[in-house]
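**Student:**
4 protein chains.
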Amino acid sequence: MVDAIVEAAARILGQQGWAGFTTNRVAEAAGVSIGSYYQYFPDKHSLTDAILHRHLDDCLAVVRRATRSALPPAALAAELVDGMIAVHSITPGLHRVLLDDAPDIRSARDPHSAFEVEFLGHYAAAVAACRGRAPTEADRIDGMLISDAIDGAVHNAARRGMLAAPAMRLGLIEMITRHLERRPD
Amino acid sequence: MVDAIVEAAARILGQQGWAGFTTNRVAEAAGVSIGSYYQYFPDKHSLTDAILHRHLDDCLAVVRRATRSALPPAALAAELVDGMIAVHSITPGLHRVLLDDAPDIRSARDPHSAFEVEFLGHYAAAVAACRGRAPTEADRIDGMLISDAIDGAVHNAARRGMLAAPAMRLGLIEMITRHLERRPD
Amino acid sequence: MVDAIVEAAARILGQQGWAGFTTNRVAEAAGVSIGSYYQYFPDKHSLTDAILHRHLDDCLAVVRRATRSALPPAALAAELVDGMIAVHSITPGLHRVLLDDAPDIRSARDPHSAFEVEFLGHYAAAVAACRGRAPTEADRIDGMLISDAIDGAVHNAARRGMLAAPAMRLGLIEMITRHLERRPD
Amino acid sequence: MVDAIVEAAARILGQQGWAGFTTNRVAEAAGVSIGSYYQYFPDKHSLTDAILHRHLDDCLAVVRRATRSALPPAALAAELVDGMIAVHSITPGLHRVLLDDAPDIRSARDPHSAFEVEFLGHYAAAVAACRGRAPTEADRIDGMLISDAIDGAVHNAARRGMLAAPAMRLGLIEMITRHLERRPD
DNA sequence: GATGAATGAGTATTCATTCAT
DNA sequence: CATGAATGAATACTCATTCAT
Numbered sequence: 085m086v087d088a089i090v091e092a093a094a095r096i097l098g099q100q101g102w103a104g105f106t107t108n109r110v111a112e113a114a115g116v117s118i119g120s121y122y123q124y125f126p127d128k129h130s131l132t133d134a135i136l137h138r139h140l141d142d143c144l145a146v147v148r149r150a151t152r153s154a155l156p157p158a159a160l161a162a163e164l165v166d167g168m169i170a171v172h173s174i175t176p177g178l179h180r181v182l183l184d185d186a187p188d189i190r191s192a193r194d195p196h197s198a199f200e201v202e203f204l205g206h207y208a209a210a211v212a213a214c215r216g217r218a219p220t221e222a223d224r225i226d227g228m229l230i231s232d233a234i235d236g237a238v239h240n241a242a243r244r245g246m247l248a249a250p251a252m253r254l255g256l257i258e259m260i261t262r263h264l265e266r267r268p269d
Numbered sequence: 085m086v087d088a089i090v091e092a093a094a095r096i097l098g099q100q101g102w103a104g105f106t107t108n109r110v111a112e113a114a115g116v117s118i119g120s121y122y123q124y125f126p127d128k129h130s131l132t133d134a135i136l137h138r139h140l141d142d143c144l145a146v147v148r149r150a151t152r153s154a155l156p157p158a159a160l161a162a163e164l165v166d167g168m169i170a171v172h173s174i175t176p177g178l179h180r181v182l183l184d185d186a187p188d189i190r191s192a193r194d195p196h197s198a199f200e201v202e203f204l205g206h207y208a209a210a211v212a213a214c215r216g217r218a219p220t221e222a223d224r225i226d227g228m229l230i231s232d233a234i235d236g237a238v239h240n241a242a243r244r245g246m247l248a249a250p251a252m253r254l255g256l257i258e259m260i261t262r263h264l265e266r267r268p269d
Numbered sequence: 085m086v087d088a089i090v091e092a093a094a095r096i097l098g099q100q101g102w103a104g105f106t107t108n109r110v111a112e113a114a115g116v117s118i119g120s121y122y123q124y125f126p127d128k129h130s131l132t133d134a135i136l137h138r139h140l141d142d143c144l145a146v147v148r149r150a151t152r153s154a155l156p157p158a159a160l161a162a163e164l165v166d167g168m169i170a171v172h173s174i175t176p177g178l179h180r181v182l183l184d185d186a187p188d189i190r191s192a193r194d195p196h197s198a199f200e201v202e203f204l205g206h207y208a209a210a211v212a213a214c215r216g217r218a219p220t221e222a223d224r225i226d227g228m229l230i231s232d233a234i235d236g237a238v239h240n241a242a243r244r245g246m247l248a249a250p251a252m253r254l255g256l257i258e259m260i261t262r263h264l265e266r267r268p269d
Numbered sequence: 085m086v087d088a089i090v091e092a093a094a095r096i097l098g099q100q101g102w103a104g105f106t107t108n109r110v111a112e113a114a115g116v117s118i119g120s121y122y123q124y125f126p127d128k129h130s131l132t133d134a135i136l137h138r139h140l141d142d143c144l145a146v147v148r149r150a151t152r153s154a155l156p157p158a159a160l161a162a163e164l165v166d167g168m169i170a171v172h173s174i175t176p177g178l179h180r181v182l183l184d185d186a187p188d189i190r191s192a193r194d195p196h197s198a199f200e201v202e203f204l205g206h207y208a209a210a211v212a213a214c215r216g217r218a219p220t221e222a223d224r225i226d227g228m229l230i231s232d233a234i235d236g237a238v239h240n241a242a243r244r245g246m247l248a249a250p251a252m253r254l255g256l257i258e259m260i261t262r263h264l265e266r267r268p269d
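Residue numbers (the working numbering), protein chains in the order written: chain A, 85 to 269; chain B, 85 to 269; chain C, 85 to 269; chain D, 85 to 269.
#1: Roughly how many whole angstroms lie between the Cα atoms of D133(D) and A233(A)?
#2: By Cβ distance below 6 Å, which residues in the same chain neighbour D223(D) in space, the five residues on each side in sequence not counted?
#3: Below 6 Å CB to CB, which residues in the same chain sit around S231(C) once its five sequence neighbours on both sides are set aside?
#4: So with Cβ pairs under 8 Å, would you call P195(D) a contact of chain C?
#5: Does N108(C) come within less than 8 Å of chain D when only Cβ atoms are used?
#6: On the three-state DSSP scale, how would you describe M246(C)?
#7: Which residues, in order along the region 94-123 of chain D, keep a beta-carbon less than 9 Å from a beta-carbon of chain C?
#8: Can you tell me the Cα-Cα spacing of E202(C) and V110(A), whole angstroms?
#9: Can you pull the chain A neighbours of I225(B), defined as C-beta to C-beta under 7 Å?
#10: So, do the region 155-173 of chain B and the region 238-249 of chain B have three or more beta carbon pairs nearer to each other than 8 Å?
#11: Short of 6 Å in beta carbon distance, which residues of its chain neighbour A186(B), apart from the five on each side in sequence? Order them along the chain.
#12: CB I89(B) to CB Y121(B), shorter than 8 Å?
#13: Comparing C-alpha positions only, which one of D166(C), M228(C) and A198(C) sits nearest to V146(C)?
#14: Does the beta carbon of L229(A) sit closer than 8 Å to a beta carbon anywhere in chain B?
#15: Below 8 Å on the Cβ atoms is my guess for M168(D) versus Y124(D); work out the distance and round it to an integer in Å.
#16: Let's test the definition: count the other Cβ atoms within 10 Å of the Cβ of H129(C) and tell me whether it reaches 16, buried, or not, exposed.
#17: Tell me which residues share the same chain as T151(B) and place their Cβ nearer than 6 Å to its Cβ, disregarding the 5 neighbours each side in the sequence.
#18: On the criterion of 16 or more Cβ atoms from any shown chain inside 10 Å, does A198(D) qualify as buried, or is it exposed?
#19: At a CB-CB cut-off below 9 Å, which residues of chain C make contact with H274(D)?
#20: Closer than 7 Å by C-beta to A161(A): which residues in its own chain qualify, once you throw out the five before and the five after it? Chain order, please.
#21: Buried or exposed for P195(B), please, with buried defined as at least 16 other CB atoms from any protein chain shown within 10 angstroms of its CB.
#22: Measuring straight from C-alpha to C-alpha, what distance separates C214(A) and M252(B)?
#23: Report the residue ranges of all alpha helix (DSSP H) runs contained in full by the region 122-156 of chain C; include only those spanning at least 4 residues, in chain order.
#24: To the nearest angstrom, how far is it from the Cα of R149(A) to the Cα of T107(A)?
#25: By the criterion of Cβ-Cβ separation under 9 Å, what are the contact partners of G245(C) in chain D?
#26: Helix, strand or coil for A186(C) per DSSP?
#27: Compare the Cα-Cα distances from H179(D) to each of R266(D), L164(D) and W102(D) and report the closest residue.
#28: To the nearest angstrom, how far is it from the Cα of Q99(B) to the Cα of G245(B)?
#29: Is G205(B) close to chain A? Criterion is C-beta to C-beta, closer than 8 Å.
#30: Output the distance between the C-alpha atoms of A113(D) and L136(C), rounded to the nearest integer angstrom.
#31: Below 8 Å on the Cβ atoms is my guess for M228(D) versus L247(D); work out the distance and round it to an integer in Å.
#32: Could you tell me whether the Cβ atoms of I118(A) and G255(B) are closer together than 8 Å?
#33: Anything in chain B within Cβ reach of A212(A), meaning under 8 Å, just list it in chain order.
#34: Between A186(B) and chain A, is the shortest Cβ-Cβ distance under 8 Å, so that the two count as touching?
#35: Near L140(A), what residues of its chain come up, given a Cβ to Cβ distance below 6 Å and the 5 sequence neighbours on each side ignored?
#36: My output table needs one value for G180(A): the three-state DSSP class, helix, strand or coil.
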């Protein structure tokens, strides 16, 4: 039942945005009474939290997978881009709504949150491994930039309904690949 | 007076997010009665619209300026990145709040809106000029990707309070430059 | 089981007041499922009723005992005062909560209820016996006043945490004694 | 408007008890929209507070008046009893509901609240003056007992619809008078 | 009988919007 | 034109009660 509620909430949030996102509406969409909703979620905030964390977990899984072995630049770029496109292809409208502000969400998106630290740590590790060395400050910055570039490209593509466009995918992979190939100190 | 209201609204939205953003509070912060507010704005939506359009106009000005003369890759990249950083340095919290909130804002961020068309048109033109040719489909895609990468990097930097970090700026410029230097087709 | 529930209910009501007094919470505190609760009590009202009647029965027992033999004024006063202090010393917070909450309780506290009639009847009888005559209208009124004075003193003492204070007890006994000693017609 | 709301609230609370006492119902009874209610009262608690304090102020006025000059026992008793009967004759049902518990009210009825201190202080002073001396501990206790006895008698009389009964009034005055006449140390 | 998940009417409170002054 | 008191639909959340297992 928790799953049915989160599912319905994600659907509503993706399709109607914050405006249509009320606990009663979510419960109804999940085919559940509002009373039952509150048996499983103590308040509204915990629901947005659940949705957000589900998404962040998906994103983490992508970078974890990409870090498992030291990949050459083009392979790493493709792995990351394809992974993120896949993650955002489920209810594409949702993530854009989710990531930037919501009354509630700030804490989970805090720059020092556990997610942020692990997420960027994996990126730095992947970049360093790709460059055949231990992570440096430059790798950390580049990891962040690569993550942000993918983030921007994927969210805007979702907004334009272009998530599946091959030209976008190839161009983005190329951009990341070339940036990985540089040798900063 | 319209300006005072938009100013106050932007301040509140940037500092307190959607939660503190009520018409009464905005009117009060602008030193205007709520009655007067409704003399100038038919409803609340038109206020968020005004804030958004002010921001989009600032962004447009940046790309317009960058298109004025055909710049070499590094110069173009620096111009765009610095321009966007500057635009987002005024009330940095605001823009992240602004861009992704459906459905209030959907129309203005519609892929076929006049803004989107002109904005991406300028990007395509700048990329093509930089490559010394008339805009091709590849230039259009690359313009979009460059725009999106800058968007992602700048918004996430704003979230992290790192908008002024030189390493971020230089890395981003490098990434864009290298992508501009490629010769697709 | 009925007793366990009433016990738990009295405890919760005395400690947390009406705010924490919910059927689910009572059932849980009694170590009983809410389903079982409704096997024994048709609704919530019948539970408060049960608590109230338990208290009223305790009060009745006090006046019944005091009426058994014709006591001299000081002895009767002491018997009544000590009895009521004893009754209210069990969960002192409860009774103050209990007596004045309309309309849940109105019926049981109705001036013509069986309790009220018997209770005041005993008081009138005790006063008359103490004055060595059959009950007159004046004895009835004085019984009522004595009952009310004890009631006010005991409840306010409970509120102040002074139920056990000897000065209060002695003063109250003195007040009642002197009133019993008067000879009205 | 504040007055209209408090008036309506007192009426509802007196007639229907806590059960019918909802902000929406109060607003409606006051002929005011719920929005207007919240323009004048920040929450529900502040309304019960307002009602209670209105009552406590009335009670304080009675004892203040009785303390102005040193009265002989019978006169002081009559002044206090008649004053309290008068105060409780406005919406008689209300005060009984008000004084003992309500989720909110505990703080104002705290034994150390400013009201309690001033109220009992006046009683002690009046008793001492009546006995022609400076207040002693015995006067303090007797003041408290007299206050409590009046309280009990008046509230129970209100419950029985007997507030106007002369016999009750005379008997109570007699009881108080006799207690004032005693000479404790 | 006993259980406790499910129900939904009801409650306090907010906030965009109107309109008499 | 400007004001701000008044409005009331809408929202998050509670809790007495039911009923399938």
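Each residue gets a CB set at the ideal place from its N, CA and C atoms; glycine is no exception.
The structure displayed is predicted, hence computed values, not measured ones.
**Tutor:** Straight from the coordinates:
#1: Taken atom to atom, the span from the alpha-carbon of D133(D) to that of A233(A) is near 57 Å.
#2: Counting only Cβ-Cβ distances below 6 Å, and skipping sequence neighbours, we find A208, V211 and A212.
#3: Excluding positions up to five away in sequence, the list reads Y207.
#4: It does: the Cβ of P195(D) has a partner Cβ on chain C nearer than 8 Å.
#5: By this cut-off, N108(C) is not an interface position.
#6: In the three-state reduction of the DSSP assignment, M246(C) falls in the coil class, being assigned neither a helical nor a strand state.
#7: Only those residues of the region 94-123 of chain D whose C-beta falls short of 9 Å from the nearest C-beta of chain C are listed: L97, G98, Q99, Q100, G101, W102, A103 and G104.
#8: Their backbone Cα atoms lie some 57 Å apart in a straight line.
#9: Correct list: A251, M252 and G255.
#10: Yes, the region 155-173 of chain B is in contact with the region 238-249 of chain B.
#11: Bear in mind that the predicted position of A186(B) carries a pLDDT of just 47, short of 50, making it unreliable; the figure below should be weighed with that in mind. No residues qualify anywhere along the chain.
#12: Yes; because the gap between Cβ atoms is below 8 Å, this pair is in contact.
#13: Of the listed residues, the one whose Cα sits closest to V146(C) is D166(C).
#14: Output row for L229(A): interface = yes.
#15: With a beta-carbon spacing of about 30 Å, M168(D) and Y124(D) fall beyond the 8 Å limit used to define contacts.
#16: By the neighbour-count rule (16 or more Cβ atoms within 10 Å), H129(C) is not buried but exposed.
#17: For T151(B), where only same-chain residues beyond five positions count, the Cβ hits under 6 Å are H206, A209 and A210.
#18: Exposed is the call here.
#19: There is no way to answer for residue 274(D), as the model of chain D reaches only from 85 to 269.
#20: Once the five neighbours on either side are set aside, the close Cβ partners of A161(A) are I257, I260, T261 and L264.
#21: P195(B) comes out exposed.
#22: In a straight line, the C-alpha of C214(A) is about 20 Å away from that of M252(B).
#23: Qualifying alpha helix (DSSP H) stretches, in chain order: 129-151.
#24: Straight through space, the alpha carbons of T107(A) and R149(A) are spaced by roughly 35 Å.
#25: Neighbours of G245(C) on chain D, chain order: P195.
#26: No answer about A186(C) holds up, because its pLDDT of 49 lies below 50 and its placement is not dependable.
#27: Across the set R266(D), L164(D) and W102(D), the C-alpha of W102(D) shows the shortest separation from the C-alpha of H179(D).
#28: Their Cα atoms are separated by approximately 13 Å.
#29: So, not an interface residue.
#30: Pairing A113(D) with L136(C), the inter-Cα distance amounts to about 31 Å.
#31: Not confirmed; about 23 Å, so no contact.
#32: Not in contact: I118(A) and G255(B) (Cβ atoms no closer than 8 Å).
#33: At a C-beta separation below 8 Å, A212(A) has no neighbours in chain B, since its nearest C-beta there lies roughly 15 Å away.
#34: Only weak support exists for where A186(B) lies, its pLDDT of 47 falling under 50; the coordinates are left without a value.
#35: Taking L140(A) as the centre and dropping the five residues before and after it, the same chain places the C-beta of F199 closer than 6 Å to its C-beta, in chain order.
#36: It is worth fixing the name first, because residue 180(A) is Arg in this sequence and not Gly. DSSP places R180(A) in the helix class (H, G or I) of the three-state scheme.
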